[in-house]
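S.K.: Below is the structure I would like to discuss, written out as structure tokens.
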Amino acid sequence: MFNQNIVSPGFTKDGFTISSTGVDIIVGIEAIKARIIFSDTLFMLTLPMSMFYNNTEGLCGTFTNNRSDDCLFQNGTYASDCSQVASSWNVNNVTDTLCSLNPALLPTEETPTISTCIATNLCDIIISTVFDPCHENVPPDTYFQMCMNTACQTNNENNLCSILELYANQCQLQGKCVDWRHSTDNKCAYKCPLEMDYQACGPSEQPTCYSKLPVTNNKFFTEGCFCKAGTMLFNYYSNICVPTCPCIGPDGMPKMPGSSWTTGCHDCVCEMNSVTVECKPVLCTPPVIPSCTRPGYTLVEVKDPQQPCCPKSECQCNRSLCQNTTTACPLGFQLTVPDAKGECCVINECKPMNVCVENGTIYLPNQVIPSLLPDVCAECTCTSDTDPVSMINAVACLSKECVMMCQEGFNYTVQEGQCCGTCVQVACIMTVENETILIQPGETWHMPGNNCSSYSCQTTEGHIVLTNVHTPCTVLSQSDCGTGYRYTIEAGDCCGKCEMLTCIVTLDNNSTHVLQPGDVWSPADNPCVTHECTHNFNTVSLDSKVKLCVINCGQGYKYKEITGECCGECIKVACSLDMDNMTKILQPGDTFIPPNNACIKYVCSQAYELVAEKTSCPEFNAADCKEGTINMTADGCCMTCEMEAVQKNCSLYSMSTEIQSGGCISAVPVDLTYCAGTCSSSFMYSLVTNMMETTCTCCIALRSAIKEINLMCPDGSSISSSYTYVEECGCSVPSCQDIINNGENSQAPPPPP
Numbered sequence: 001m002f003n004q005n006i007v008s009p010g011f012t013k014d015g016f017t018i019s020s021t022g023v024d025i026i027v028g029i030e031a032i033k034a035r036i037i038f039s040d041t042l043f044m045l046t047l048p049m050s051m052f053y054n055n056t057e058g059l060c061g062t063f064t065n066n067r068s069d070d071c072l073f074q075n076g077t078y079a080s081d082c083s084q085v086a087s088s089w090n091v092n093n094v095t096d097t098l099c100s101l102n103p104a105l106l107p108t109e110e111t112p113t114i115s116t117c118i119a120t121n122l123c124d125i126i127i128s129t130v131f132d133p134c135h136e137n138v139p140p141d142t143y144f145q146m147c148m149n150t151a152c153q154t155n156n157e158n159n160l161c162s163i164l165e166l167y168a169n170q171c172q173l174q175g176k177c178v179d180w181r182h183s184t185d186n187k188c189a190y191k192c193p194l195e196m197d198y199q200a201c202g203p204s205e206q207p208t209c210y211s212k213l214p215v216t217n218n219k220f221f222t223e224g225c226f227c228k229a230g231t232m233l234f235n236y237y238s239n240i241c242v243p244t245c246p247c248i249g250p251d252g253m254p255k256m257p258g259s260s261w262t263t264g265c266h267d268c269v270c271e272m273n274s275v276t277v278e279c280k281p282v283l284c285t286p287p288v289i290p291s292c293t294r295p296g297y298t299l300v301e302v303k304d305p306q307q308p309c310c311p312k313s314e315c316q317c318n319r320s321l322c323q324n325t326t327t328a329c330p331l332g333f334q335l336t337v338p339d340a341k342g343e344c345c346v347i348n349e350c351k352p353m354n355v356c357v358e359n360g361t362i363y364l365p366n367q368v369i370p371s372l373l374p375d376v377c378a379e380c381t382c383t384s385d386t387d388p389v390s391m392i393n394a395v396a397c398l399s400k401e402c403v404m405m406c407q408e409g410f411n412y413t414v415q416e417g418q419c420c421g422t423c424v425q426v427a428c429i430m431t432v433e434n435e436t437i438l439i440q441p442g443e444t445w446h447m448p449g450n451n452c453s454s455y456s457c458q459t460t461e462g463h464i465v466l467t468n469v470h471t472p473c474t475v476l477s478q479s480d481c482g483t484g485y486r487y488t489i490e491a492g493d494c495c496g497k498c499e500m501l502t503c504i505v506t507l508d509n510n511s512t513h514v515l516q517p518g519d520v521w522s523p524a525d526n527p528c529v530t531h532e533c534t535h536n537f538n539t540v541s542l543d544s545k546v547k548l549c550v551i552n553c554g555q556g557y558k559y560k561e562i563t564g565e566c567c568g569e570c571i572k573v574a575c576s577l578d579m580d581n582m583t584k585i586l587q588p589g590d591t592f593i594p595p596n597n598a599c600i601k602y603v604c605s606q607a608y609e610l611v612a613e614k615t616s617c618p619e620f621n622a623a624d625c626k627e628g629t630i631n632m633t634a635d636g637c638c639m640t641c642e643m644e645a646v647q648k649n650c651s652l653y654s655m656s657t658e659i660q661s662g663g664c665i666s667a668v669p670v671d672l673t674y675c676a677g678t679c680s681s682s683f684m685y686s687l688v689t690n691m692m693e694t695t696c697t698c699c700i701a702l703r704s705a706i707k708e709i710n711l712m713c714p715d716g717s718s719i720s721s722s723y724t725y726v727e728e729c730g731c732s733v734p735s736c737q738d739i740i741n742n743g744e745n746s747q748a749p750p751p752p753p
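No gaps in the numbering here: position 579 of the sequence shown is 579 in UniProt numbering, and each next residue is one more.
Quick look at the structure:
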């Protein structure tokens, strides 16, 4: 294509030349000294460095002989792999399918082992003696490696031939032409027409009989199909070789000397001696000129199908030359064409139609013509009589008589601009037993003795509409009422109703239970449902309620159903102890000592009662202790030490503490009293009894009382409890062991050391 026009090799214009050898198409651009070679599988662009140094981008790089900046994307960034660059320079043209990309076969990162690749003998040609003349000018290693990579990735030998062709073209650019195709065992052979021979080092501009290419001393070689010795190429696009140059026919093909042909109404011949084309106009027989004397006919020159180069004359009709010809008729008339075969000009006629015409409108006979006279009561119609002046149907006008009588429910109404009024309905009309009933708009009328049917008269969008409203009854008699109901109907009502006398409860098994007004009943199998029959304002009604039970019990409790009752109860199944941010659950027999208070021990009894056992520490004064002997008791509750030898007499002491039992606790601290101190004791020989005698007195409660106290429980209730209050202490004569036993039974707090 050159400027959107298809051209053939041998073309030259405006510094552009196009030539071909059959294998390659070569395009030359003189202004920029460019040379482009196209073949089936590759193209090659040659540019002068003097004009394009550092002045290119795309697939050719920057033309600086520096490979480091050649792999450049269209956005200006460099690619790590040059194989990625080509697709970024693709021309985006949705109408051009020639530039669509197929997945490329890229070289592997590691060079594959040659022994595993096919067709390596083709690649070996690159480094063989065939290309020896070129090896020094164009190093073969890159092309050989490219060939081997391709051979290892594809089974197509054509791809390998393309790489050899590429290397051969590079050699040609360096002035080294190599005939390599004959060394490929016909795998890369190029087939030429019978009259042509393949040449690997032929001229890039092949001479033709009528070549338009300028004769130059072209140093480039090219491979292709060339005419055999002693013949010359006729032109670039015919591939015809001729021993001598013949004439050129009108189709661009050769015409041998002595041949003749007709083209463009000329008889042409290729002269034998001069081998030039001579053409003369085709000789025509003098035409016969007819005489065109009939109206409308004129002489016209036309082509003769038998002799296209020799025109003839004939008479043809031209109606624009006809005179006094009617082509249109007035309204109410019809154009008629008489039968005039063989004539060009025909005199048409206008015949009247069976119609009337008024104000540009056609009316048929008996059709009313509106607003013809100022009198609104005048009515004009189209007649079938012919008007002697207009020659079409005449119009007749008569005065119209108005009927003013209207039936019942209608009023005669005249509107402005009309001759006669109309009867306008103003009420709904009913006929009942030959009697006319008028129902005014907005009123309702009942049929006598039928309260279930009524008639309503309404105005809808300017129209009077009578609507029959029938009330259907669902209860017609006592048989329609169930058990416990009575059928009643009020005077003037359409439908009766079933009044409830008793309440009927329908159970899940479809059985019923009758309740009298005032009765309250719950089914034995569902005590959570309560049915109550009430009587208010002469109306009996059934009220059914469902009781909801709380079945989520707190920790330490379990929900237990009670036979015959709707709701069960939460029963204790463990002891629970509420502490900060948690609840401790204890099973019967379990004990728990809070980690922050070792003086309290909680015990869960078999009755799920939580008993708090609090250890009361005796008064402790570190000053009374021997130095270095202060320690905690084994349970970690009290301080203890080895006392100095200081005697304290038996005395009454008290301490303030809380009493707990079963999870309940005293509202305020309670003063507990106890006895503590020393009493005299001895073990000595009696002269009277002549034996060792023991004197032992202990500090015990001489007088005490039982006091009552209320303990508050977590659920808000309270329980009564008691404790022993010591009122007097003293040294007792009985044995110490007896007193100790009494002290354990009374659960008195231990004395301080």
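For each residue, glycine too, the CB sits at the ideal point set by N, CA and C.
For D508, count the other beta carbons within 10 Å of its own beta carbon; 16 or more makes it buried, fewer makes it exposed. Which is it?
M.R.: exposed
S.K.: To the nearest angstrom, how far is it from the Cα of P472 to the Cα of E561?
M.R.: 52 Å
S.K.: Taking C-beta to C-beta, are I571 and K584 nearer than 7 Å?
M.R.: no
S.K.: Using the Cα positions of residue 824 and Y653, report the straight-line distance between them to the nearest angstrom.
M.R.: It is not possible to answer for residue 824, since the shown part of the chain is limited to 1 through 753.
S.K.: Between V376, E443, N149, A168, which lies nearest to residue 756 when the distance is taken from Cα to Cα?
M.R.: Lying before the first or after the last residue shown, residue 756 is absent from the chain, which here runs from 1 to 753.
S.K.: Identify whether Y412 lies in helix, strand or coil by the three-state DSSP scheme.
M.R.: Note: Y412 maps to strand in three-state DSSP.
S.K.: If you drop the 5 nearest sequence neighbours on each side, which residues of the same chain put their C-beta closer than 8 Å to that of C265?
M.R.: P281, V282, P308, C309
S.K.: Can you grab the Cα-Cα spacing for the pair V469 / W445, in whole Å?
M.R.: 10 Å
S.K.: Pick out the complete beta strand (DSSP E) segments inside the segment 508-546, 3 residues or longer, and give them in chain order.
M.R.: Within the segment 508-546, the complete beta strand (DSSP E) runs of at least 3 residues are 512-515, 529-536, 539-546.
S.K.: Look at the Cβ atom of C201, then the Cβ atom of F220, and state whether they are nearer than 7 Å.
M.R.: no
S.K.: Could you please give the first and the last residue of the uninterrupted alpha helix (DSSP H) stretch that includes S732?
M.R.: No alpha helix (DSSP H) contains S732, which is instead part of the beta strand (DSSP E) from 718-732.
S.K.: State the beta-bridge partners of L299 as determined by DSSP.
M.R.: C315
S.K.: Out of curiosity, what's the CA-to-CA distance linking P107 and N5?
M.R.: Low confidence applies here, because P107 scores a pLDDT of 47, under 50, leaving its location unreliable and the question unanswered by this model.
S.K.: Beta-carbon within less than 6 Å of C530's beta-carbon, same chain only, minus the 5 sequence neighbours each way: which residues are those?
M.R.: The amino acid at residue 530 is misidentified as Cys; the sequence shows Thr. Hits under 6 Å: S522, K545.
S.K.: According to the neighbour-count rule (16 or more other Cβ atoms, all chains shown, within 10 Å of its Cβ), is R67 buried or exposed?
M.R.: exposed
S.K.: In the structure shown, what three-state DSSP assignment does S686 receive?
M.R.: strand
S.K.: Report, in whole angstroms, the separation of the C-beta atoms of V355 and N393, which I expect to be a contact under 8 Å.
M.R.: 6 Å
S.K.: Between C731, T262, K255, which lies nearest to E271 when the distance is taken from Cα to Cα?
M.R.: Minimum Cα distance to E271 is reached at K255.
S.K.: Taking only the alpha-carbon atoms, compute the straight-line gap between C329 and M353 and give it to the nearest angstrom.
M.R.: 11 Å
S.K.: Which residue marks the beginning of the alpha helix (DSSP H) containing F2, and which one marks its end?
M.R.: Per DSSP, F2 belongs to no alpha helix (DSSP H) and is neither H nor E.
S.K.: Using a Cβ-Cβ cutoff of less than 8 Å, which residues in the same chain neighbour G128 once the five nearest sequence positions on both sides are dropped?
M.R.: Rather than Gly, the amino acid found at residue 128 in this sequence is Ser. These residues qualify, in order along the chain: S183.
S.K.: With a 10 Å radius around its C-beta and 16 neighbouring C-beta atoms as the bar for buried, classify R703 as buried or exposed.
M.R.: exposed
S.K.: Go ahead and pull the three-state DSSP assignment for D480.
M.R.: helix
S.K.: Does DSSP put E157 in a helix, in a strand, or in coil?
M.R.: For E157, the secondary structure class from DSSP, reduced to helix, strand or coil, is helix.
S.K.: Which of the three DSSP states, helix, strand or coil, is assigned to T17?
M.R.: strand
S.K.: Closest to D519 by CA distance: which of I504, D525, N348 is it?
M.R.: Across the set I504, D525, N348, the C-alpha of I504 shows the shortest separation from the C-alpha of D519.
S.K.: Please determine, among N149, N538, I659, P388, the residue with the shortest C-alpha to C-alpha distance to N710.
M.R.: I659
S.K.: How far does the alpha helix (DSSP H) with N121 in it reach, from first residue to last?
M.R.: 120-124
S.K.: Are there 16 or more other CB atoms within 10 angstroms of the CB of P751, so buried, or fewer, so exposed?
M.R.: Reliability fails at P751, whose pLDDT of 40 lies under 50, so the model's placement of it is uncertain and the value that follows must be treated cautiously. Buried, since its Cβ has 16 or more Cβ neighbours within 10 Å.
S.K.: Below 8 Å on the Cβ atoms is my contact criterion, and I expect V85 with C71 to pass it. Report the Cβ-Cβ distance as a whole number of Å.
M.R.: 5 Å
S.K.: Going by the beta-carbon positions, is the gap between residue 756 and G554 smaller than 7 Å?
M.R.: One cannot answer for residue 756 here, as it falls past the ends of the chain, which runs 1 to 753.
S.K.: In the segment 202-279, which residue ranges form an unbroken beta strand (DSSP E) of at least 3 residues, counting only runs that do not cross its ends?
M.R.: 221-227, 260-263, 266-270
S.K.: Give the secondary structure of residue 758 by DSSP, where H, G and I count as helix, E and B as strand, and everything else as coil.
M.R.: Not covered by the structure: residue 758. The range shown for the chain is 1 to 753.
S.K.: So, is E205 buried or exposed, given that buried needs 16 or more other C-beta atoms within 10 angstroms?
M.R.: buried
S.K.: Identify the residues that DSSP records as bridge partners of C699: which are they?
M.R.: C731
S.K.: Where K187 and V130 are concerned, what is the direct C-alpha to C-alpha distance, given to the nearest angstrom?
M.R.: Going by C-alpha positions, K187 is about 16 Å away from V130.
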